[in-house]
Every structure is written in C-alpha cells, then in structure tokens.
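>
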Ligand code: ATP
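Numbering (this note's numbering), first residue to last: 49 to 179.
1) Using the beta-carbon count (16 or more within 10 Å), is residue 71 buried or exposed?
2) According to DSSP, is residue 128 helix, strand or coil?
3) In this structure, what does DSSP give as the bridge partners for residue 94?
4) For residue 169, which residues in the same chain have their Cβ closer than 7 Å to its Cβ, ignoring the five residues on either side in sequence?
5) CA-CA distance, residue 98 and residue 104?
Okay, structure coming up:
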C-alpha cells in the first residue's frame, strides 16, 4: 500500500492508503505503485484515478503539482473534488457559460480563461460520470 493525500488551499480532499494511483501529469499519465521512485510533476486539469478498496475512485483536479516520495503521493491543487462531491448542475452551468463566451465574437473575452473554465467543467462532468 501507499499513502495518497490530495489537498487544496481550502481542505483535505483525500487521505488514505491505496494500491495504485494514476495522475494527470502535464506530460502524460503517471501510474504510481508503492515504492515508486521519487518525483515531482506538474499536473494538468484531469482526473486522479485511485485504486482503492476494489474500486476506482475519480478525483477531479484543476491542475497543480504532485510529489511522490517514500510510498507517499501528495497532490496539491487549487481545486479538487471527489466524484461524489461534484455538483453536476453547477458544472453544466459553468460549461455553458464558457461555451457561450468562446462562441461570442466580443473582443473582451479572455479566450484562455474561458478555455480553462470549459476544461474544468468538462473534467468535473467526466469525474461525475456525466461526461
Ligand atoms: P464555477 O464557475 O462554477 O465557480 P470554476 O471552475 O470557476 O467553476 P474553481 O475556481 O475551479 O471553479 O473552484 C472554486 C471552488 O468551487 C473550489 O473549491 C472547487 O472545488 C469548487 N467547485 C467548482 N465547481 C464545482 C462543482 N461543479 N462541484 C463541486 N465543487 C465545485
């Protein structure tokens, strides 16, 4: 077993011993087994997949960083939600807002910001099984 901690500035989202973790690394998915070599990686908006108690639990993260050391993985993200914590209606509304911004031709739109918001919303819907 290995320890997985997922923390945000607001809260501890997950803290348990698990068998296997897949992280959304900025350069691609990272599969972490116990005794994995030490590493630090940036994360992209994506799902942390946790193999835990015979199931695969999904945690949506909005990017951040991961550190792996001594059979302990720490994920630090601005926002992270376990699949059961996701407000699906809120994510749908965020998706629509972002899509409308991207579809409008207004020069005031911050395209990168709207694209990031859309990615977060789609990621949350995927975590909640609504993607
Ligand atoms: P919104 O526009 O709905 O606020 P957002 O992507 O801008 O979405 P973030 O800035 O990433 O939101 O997150 C702000 C806080 O709200 C974080 O604590 C995050 O975990 C939480 N949060 C955002 N969307 C959801 C959701 N659909 N379900 C549960 N928690 C959410």
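Cβ atoms here follow ideal geometry from the backbone N, Cα and C, with glycine treated the same way.
Taking the definition as stated:
1) Result: buried.
2) It is a strand residue.
3) In DSSP, residue 94 forms a bridge with 109.
4) 139, 142, 143 and 146, listed in sequence order.
5) C-alpha separation (whole angstroms): 5 Å.
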